[in-house]
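Trainee:
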Amino acid sequence: MVLDSGDTAFILVATAMVMLMTPGVGLFYGGLVRKKDVVSMIGLSFLALALVSIQWVLVGYSLSFGTDIAGFIGGLDFLGLRGVGMDAGDGTIPGLLFMAFQLVFAGITLAIITSAVAERVRIGSFIVFGLLWTTLVYDPLAHWAWGGGWASQLGALDFAGGTVVHISSGFGALALALVIGKRIGFGDQDMEPHNIPMTMLGAALLWFGWFGFNAGSALAANGLAANAFVVTNTSAAAGALAWLFASWVKGKPSALGMVSGGIAGLVAITPAAGFVDTMSAIVIGAVAGVLCYMALLFRVGKGLDESLDAWAVHGMGGLWGAIATGIFAIEAVGGYSGLLQGNVDQFIAQVIGAVAAVVYAFVVTYALAKIVDATMGLRVTEDEEYVGLDISQHGEKAYA
Amino acid sequence: MKVEAIIRPERLDQVKKALEEKGFVGMTVGEVTGRGEQKGIKLQFRGRTMNVDLLPKIRIELIVKDDRVDELIETISASARTGRPGDGRIFVIPVARSVRVRTGEEVM
Chain A
253 MVLDSGDTAF
263 ILVATAMVML
273 MTPGVGLFYG
283 GLVRKKDVVS
293 MIGLSFLALA
303 LVSIQWVLVG
313 YSLSFGTDIA
323 GFIGGLDFLG
333 LRGVGMDAGD
343 GTIPGLLFMA
353 FQLVFAGITL
363 AIITSAVAER
373 VRIGSFIVFG
383 LLWTTLVYDP
393 LAHWAWGGGW
403 ASQLGALDFA
413 GGTVVHISSG
423 FGALALALVI
433 GKRIGFGDQD
443 MEPHNIPMTM
453 LGAALLWFGW
463 FGFNAGSALA
473 ANGLAANAFV
483 VTNTSAAAGA
493 LAWLFASWVK
503 GKPSALGMVS
513 GGIAGLVAIT
523 PAAGFVDTMS
533 AIVIGAVAGV
543 LCYMALLFRV
553 GKGLDESLDA
563 WAVHGMGGLW
573 GAIATGIFAI
583 EAVGGYSGLL
593 QGNVDQFIAQ
603 VIGAVAAVVY
613 AFVVTYALAK
623 IVDATMGLRV
633 TEDEEYVGLD
643 ISQHGEKAYA
Chain B
5 MKVEAIIRPE
15 RLDQVKKALE
25 EKGFVGMTVG
35 EVTGRGEQKG
45 IKLQFRGRTM
55 NVDLLPKIRI
65 ELIVKDDRVD
75 ELIETISASA
85 RTGRPGDGRI
95 FVIPVARSVR
105 VRTGEEVM
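Structural data, given as structure tokens:
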């Protein structure tokens, strides 16, 4: 096809916006940990972006978007970006740009999972785990949904990564947390967030970047991108208000809860952004805000140290979003109808796609974490954890 | 007497609770860093030893009547103890005068 300069300009900007979300995750998480671990926490997000950036251009892109092998994984045709060029190819933007746009999605996904290992992971082990995880969990899931794999053949819809990004990292984080174990003193020591404004700054970067994430997933500067933009903001707002009010019922209206609810709304609308209208986005976001808050309370009640709630917000929010896409999709927006328009098949396809991703992400992450733990050890020593990862892993301090 | 205790930050909640149960309410708490006889914590890093010498601690100060000093020391020790190096120290210091700012009266 012919290269479109408007589309190309828009996706270039959208790609840069999504890139900024990864340090955004770092700041969001960094504010939630104790001050002895904040350099480590933000550093892990940058590390995730850097690792995936190299892995993606070497093999990741090819495994995700190469010629389909048995519906499961892409072939090695694009190894080292061979044949990925400046021409438009099948779309209206350069192949290289499509590759870069997909790269930043893979990067943030690995950053999200660092929630599970906060304040206790060995940096060397995380590098090995991260490379294995993005190659063996993210790349297949991206191929299933977007690269011509079985889920897309089945008709399961994932506009911008509810399954690929959020279910994978959220349920992956749950498995990883079970393997690495609780932080020392979890449950009886005070582990309050050390800097809520830092978390709110991270949330601001995420909310901003999400416009590139969802609207950019239209892969064109068109009406569908505008729809994705508007439903994204609407769902985020509904999620923020819902969590705020839910926390108000139990006590004070929490500012941290409000921004967490915003993220929950953003996560839930991600798979649906190109298929639902704005009124549905209010419902999707509001349900996500309450659901993810309840998931967080459930997690805390179980005494499970999935420390920064990637599972509750991204895992459960992504699962809800994938199913909600099957409920609220309307023909007029993206050309697909969901349960509300009487299309049961779409709903079933969504459930199958989501549940398969939950099971795959959980099981494979658990296995990878066990392997890395047995060979290298995922955790730092007790003394290193006590002193904090900033000093023990980096030899640096956040605050003088 | 003034009782000044240097304790682990993560024990502060337990110490505060224990003090309250015994009726020791007024206190001043500050974040400090320090080291003891072990000179901090030694970390093994690529075969080298790295020493983290100034560790975060909490300093609690309370003013009490002489006859309650032993009970106070006992309460802090029991609630702050983990049994490992770094549990901290307690100092007892005489107080010459004590004046309430609001009224200017001498209180002890």
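Note that the protein sequences, when read in sequence, are chains A and B. Residue numbers for the first sequence follow the working numbering, so the first one is 253 and each next one is one higher. Residue numbers for the second sequence follow the working numbering, so the first one is 5 and each next one is one higher. Note that CB positions come from ideal geometry on N, CA and C, so glycine has one too. Just so it is clear, the structure is predicted and the values come from calculations on it, not from any experiment.
Taking Glu35 of chain B as part of the beta strand (DSSP E), name the residues at either end of that continuous run.
Mentor: As a working note, residue 35 of chain B is residue 31 in the second sequence. From DSSP, the beta strand (DSSP E) with Glu35 of chain B extends over Thr32 to Gly38.
Trainee: Given a cut-off of 9 Å on the beta-carbon distance, is the pair Ser316 of chain A and Ala394 of chain A in contact?
Mentor: Locating residue 316 of chain A in the first sequence gives position 64, where the first residue counts as 1. Locating residue 394 of chain A in the first sequence gives position 142, where the first residue counts as 1. Going by C-beta atoms, Ser316 of chain A is nearer than 9 Å to Ala394 of chain A.
Trainee: So which residues on chain B does Ile375 of chain A lean against when the C-beta distance must stay under 8 Å?
Mentor: On the first sequence, residue 375 of chain A is found 123 positions in, with the first residue counted as 1. Within chain B, no residue comes near Ile375 of chain A; the closest Cβ sits about 12 Å away, beyond 8 Å.
Trainee: Please check the pair Gly537 of chain A and Ser487 of chain A, which I expect to be a contact at CB under 8 Å, by giving their CB distance rounded to whole angstroms.
Mentor: Here residue 537 of chain A corresponds to residue number 285 of the first sequence, with the count starting at 1. Here residue 487 of chain A corresponds to residue number 235 of the first sequence, with the count starting at 1. At roughly 3 Å, the Cβ-Cβ gap stays under 8 Å, so Gly537 of chain A and Ser487 of chain A are in contact.
Trainee: Can you tell which of A:Asn466, A:Gly399, A:Pro445 and A:Ile419 has its C-alpha closest to the C-alpha of Phe262 of chain A?
Mentor: Numbered from its first residue, the first sequence carries residue 262 of chain A at position 10. Among A:Asn466, A:Gly399, A:Pro445 and A:Ile419, the Cα nearest to that of Phe262 of chain A belongs to A:Asn466.
Trainee: Alpha carbon to alpha carbon, how far is Leu483 of chain A from Ala606 of chain A?
Mentor: To locate residue 483 of chain A, count along the first sequence from 1; it is residue 231. To locate residue 606 of chain A, count along the first sequence from 1; it is residue 354. According to the sequence as given, residue 483 of chain A is Val; it is not Leu. Cα-Cα distance, rounded: 21 Å.
Trainee: How is Arg372 of chain A classed by DSSP in three states: helix, strand or coil?
Mentor: Your numbering for residue 372 of chain A matches position 120 in the first sequence. Note: Arg372 of chain A maps to coil in three-state DSSP.
Trainee: Assign Ala533 of chain A to one of three DSSP states: helix, strand, or coil.
Mentor: On the first sequence, position 281 is the one that residue 533 of chain A refers to. Correct three-state label for Ala533 of chain A: helix.
Trainee: Inspect the beta-carbon positions of Gly517 of chain A and Ala498 of chain A and report whether they are closer than 9 Å.
Mentor: Here residue 517 of chain A refers to the residue found at position 265 of the first sequence. Here residue 498 of chain A refers to the residue found at position 246 of the first sequence. Contact: no.
Trainee: Can Gly464 of chain A and Val265 of chain A be called in contact, C-beta distance under 9 Å?
Mentor: Within the first sequence, numbered from 1, the residue matching residue 464 of chain A stands at position 212. Within the first sequence, numbered from 1, the residue matching residue 265 of chain A stands at position 13. Yes. Within cutoff.
Trainee: Just checking: is the beta-carbon of Ser292 of chain A within a distance shorter than 9 Å of some beta-carbon in chain B?
Mentor: As a first step, residue 292 of chain A must be located in the first sequence, where it is residue number 40. So no, Ser292 of chain A is outside the interface.
Trainee: Note down, in chain order, every chain B residue with its Cβ under 7 Å from the Cβ of Gly437 of chain A.
Mentor: Numbered from 1 along the first sequence, position 185 holds the residue referred to as residue 437 of chain A. In chain order: Glu14.
Trainee: So Asp442 of chain A contacts chain B; which residues on that side make the cut at Cβ distance below 9 Å?
Mentor: Start at 1 with the first residue of the first sequence, and residue 442 of chain A comes out as number 190. Here the neighbours are Pro13, Glu14, Leu16 and Asp17.
Trainee: Within the continuous beta strand (DSSP E) that includes Phe95 of chain B, where are the two ends?
Mentor: What you label residue 95 of chain B is simply residue 91 of the second sequence in a count that begins at 1. Looking at the DSSP string, the run of the beta strand (DSSP E) that includes Phe95 of chain B is Arg93 to Ile97.
Trainee: Alpha helix (DSSP H) containing Ala427 of chain A: first to last residue?
Mentor: As a working note, residue 427 of chain A is residue 175 in the first sequence. Ser420 to Ile432 is the span of the alpha helix (DSSP H), which, as asked, contains Ala427 of chain A.
Trainee: Determine the chain B residues that contact Asp642 of chain A at a beta-carbon separation under 7 Å, and present them in chain order.
Mentor: Translated into the one-based positions of the first sequence, residue 642 of chain A becomes position 390. Under the 7 Å cutoff, chain B gives no residues; its nearest Cβ is about 11 Å from Asp642 of chain A.
Trainee: Does the Cβ of Arg104 of chain B have 16 or more other Cβ atoms within 10 Å, making it buried, or fewer, making it exposed?
Mentor: Translated into the one-based positions of the second sequence, residue 104 of chain B becomes position 100. Flag for Arg104 of chain B reads exposed.
Trainee: What did DSSP end up calling Lys61 of chain B once you bin it into helix, strand or coil?
Mentor: Here residue 61 of chain B is taken as the residue at index 57 of the second sequence, counted from 1. Note: Lys61 of chain B maps to strand in three-state DSSP.
Trainee: Enumerated in chain order, which unbroken segments of the alpha helix (DSSP H) with a length of 4 residues or greater are wholly contained in the stretch 8-32 of chain B?
Mentor: Listed in chain order, the complete alpha helix (DSSP H) runs (minimum 4 residues) inside the stretch 8-32 of chain B are 16-25.
Trainee: Mind pulling the chain A residues with CB within less than 8 Å of Ile45 of chain B?
Mentor: What you label residue 45 of chain B is simply residue 41 of the second sequence in a count that begins at 1. Those are Asp635, Tyr638 and Val639, listed as they occur along chain A.
Trainee: Check each candidate in B:Phe95, B:Ser102 and B:Thr37 and name the one with the smallest Cα separation from Glu78 of chain B.
Mentor: Taking the second sequence and counting its residues from 1, the one referred to as residue 78 of chain B is at position 74. Glu78 of chain B has its Cα closest to that of B:Phe95, out of B:Phe95, B:Ser102 and B:Thr37.
Trainee: Our contact map puts Arg39 of chain B next to Leu23 of chain B with C-beta atoms below 8 Å; I'd like the distance itself, whole angstroms only.
Mentor: Residue mapping note: residue 39 of chain B aligns to position 35 of the second sequence, counting from 1. Residue mapping note: residue 23 of chain B aligns to position 19 of the second sequence, counting from 1. About 25 Å separates the two Cβ atoms, so there is no contact after all.
Trainee: Using a C-beta cutoff of 9 Å, does Leu66 of chain B count as contacting chain A?
Mentor: The residue given as residue 66 of chain B occupies position 62 in the second sequence. Taking Cβ atoms only, chain A never reaches closer than 9 Å to Leu66 of chain B, which makes this a no.
Trainee: Sort A:Glu558, A:Phe599 and A:Met510 by Cα distance to Val369 of chain A and report the nearest one.
Mentor: Locating residue 369 of chain A in the first sequence gives position 117, where the first residue counts as 1. Looking at the Cα atoms, A:Glu558 is the closest of the given residues.
Trainee: Consider the Cβ of Val152 of chain B: report whether some Cβ of chain A lies at a distance smaller than 9 Å.
Mentor: The question about residue 152 of chain B has no answer here: the residues shown for chain B are numbered 5 through 112.
Trainee: Mind reading off the beta-carbon distance from Phe324 of chain A to Gly401 of chain A? Whole number of angstroms is fine, and I expect it under 8 Å.
Mentor: The count along the first sequence starts at 1 and reaches residue 324 of chain A at position 72. The count along the first sequence starts at 1 and reaches residue 401 of chain A at position 149. Confirmed, about 6 Å.
Trainee: In whole angstroms, give me the CA-to-CA distance for Gly4 of chain B and Lys504 of chain A.
Mentor: In the structure as shown, chain B starts at 5 and stops at 112, and residue 4 of chain B therefore has no counterpart that could be examined.
Trainee: State the DSSP-derived secondary structure class of Arg551 of chain A, mapped to helix, strand or coil.
Mentor: For this step, residue 551 of chain A is matched to residue 299 along the first sequence. Residue state, collapsed to three classes: helix.
Trainee: Using a Cβ-Cβ cut-off of less than 9 Å, list which residues of the stretch 32-43 of chain B approach chain A; keep chain order.
Mentor: The stretch 32-43 of chain B vs chain A, Cβ under 9 Å: nothing.
Trainee: Does the distance from the C-beta atom of Phe527 of chain A to that of Phe411 of chain A stay below 9 Å?
Mentor: Counting from 1 along the first sequence, the entry for residue 527 of chain A is found at position 275. Counting from 1 along the first sequence, the entry for residue 411 of chain A is found at position 159. Cβ atoms of Phe527 of chain A and Phe411 of chain A: closer than 9 Å.
Trainee: Is the separation between the beta-carbon of His418 of chain A and that of Gly541 of chain A shorter than 9 Å?
Mentor: As a first step, residue 418 of chain A must be located in the first sequence, where it is residue number 166. As a first step, residue 541 of chain A must be located in the first sequence, where it is residue number 289. Not closer than 9 Å, so no.
Trainee: Just how far apart, CA to CA, sit Ile604 of chain A and Tyr612 of chain A?
Mentor: Locating residue 604 of chain A in the first sequence gives position 352, where the first residue counts as 1. Locating residue 612 of chain A in the first sequence gives position 360, where the first residue counts as 1. Between Ile604 of chain A and Tyr612 of chain A, the C-alpha separation is close to 12 Å.
Trainee: Check each candidate in A:Trp459, A:Ala576, A:Gly295 and A:Val539 and name the one with the smallest Cα separation from Leu362 of chain A.
Mentor: The count along the first sequence starts at 1 and reaches residue 362 of chain A at position 110. Selected option, being the one with the closest Cα: A:Gly295.
Trainee: Check the Cβ of Val56 of chain B against every Cβ in chain A and list those closer than 7 Å, keeping chain order.
Mentor: The residue labelled residue 56 of chain B in the question sits at position 52 within the second sequence. The answer, in chain order, is Val639 and Ile643.
Trainee: Where does Gly318 of chain A sit, in a helix, a strand or coil, going by DSSP?
Mentor: Mapped onto the first sequence, residue 318 of chain A falls at position 66. Note: Gly318 of chain A maps to coil in three-state DSSP.
Trainee: Which residue wins for smallest C-alpha separation from Phe381 of chain A, given the options A:Asp642, A:Ser644 and A:Leu630?
Mentor: Looking up residue 381 of chain A in the first sequence gives position 129. When each option's Cα is compared against that of Phe381 of chain A, the closest is A:Leu630.
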